[in-house]
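Data first, discussion second: the structure below is written as structure tokens.
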Amino acid sequence: MSGPCEDLDPAIIAQAKLYYFELLNGLSESYNTFHRFIYHFLCIIGVIANICFVVVLLRPTMRKNPFNLFLIAIAICDMSLMASYFMYKQASTKFDYLF
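When the letters of the sequence shown are read in order and numbered with this note's numbering, they come out as residues 98 to 196.
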């Protein structure tokens, strides 16, 4: 059983790898420069916004709807994800040898 890529020349594959590496490396460097400054703001605002959503959805009239309970669970998961990502990035920036 042969696949569609078995007939390709290894030189063509190496050339394609080099092309895509050069293409994506520039995008990666520009993204990392921007991401270094914006993730602080996004994580902190995201956690605060999710806390507000949970507070609003925990009102007695809102708790009766099962869909709102589902939204509360999503907000809690999103909040914990953003908080853990913020802590991970802080640790990886401060202690570069761990990551």
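For every residue, glycine included, the Cβ atom is placed at its ideal position computed from N, Cα and C. No experiment lies behind these values; they were computed from the predicted model shown.
| query | result |
| --- | --- |
| Where does residue 156 sit, in a helix, a strand or coil, going by DSSP? | coil |
| Expressed to the nearest angstrom, what Euclidean distance is found between the alpha-carbon atoms of residue 185 and residue 126? | 20 Å |
| Buried or exposed: where does residue 141 fall if 16 or more other Cβ atoms within 10 Å of its Cβ makes it buried? | exposed |
| Is it right to say residue 162 is buried, meaning 16 or more other beta carbons lie within 10 angstroms of its own, or is it exposed? | exposed |
| At a cut of 8 Å, does the segment 132-141 reach the segment 150-165 through at least three beta carbon pairs? | no |
| Can you check which of these residues, 191, 167, 118, 115, is closest to residue 154 by C-alpha distance? | 167 |
| Could you tell me how far apart the beta carbons of residue 147 and residue 175 are, in whole angstroms, since I believe they sit closer than 8 Å? | 6 Å |
| Quick test of your reading: residue 172 and residue 144, contact by CB under 8 Å. State the CB separation rounded to the nearest angstrom. | The Cβ separation is near 10 Å, so there is no contact. |
| What is the residue span of the alpha helix (DSSP H) that residue 164 lies within? | 163-191 |
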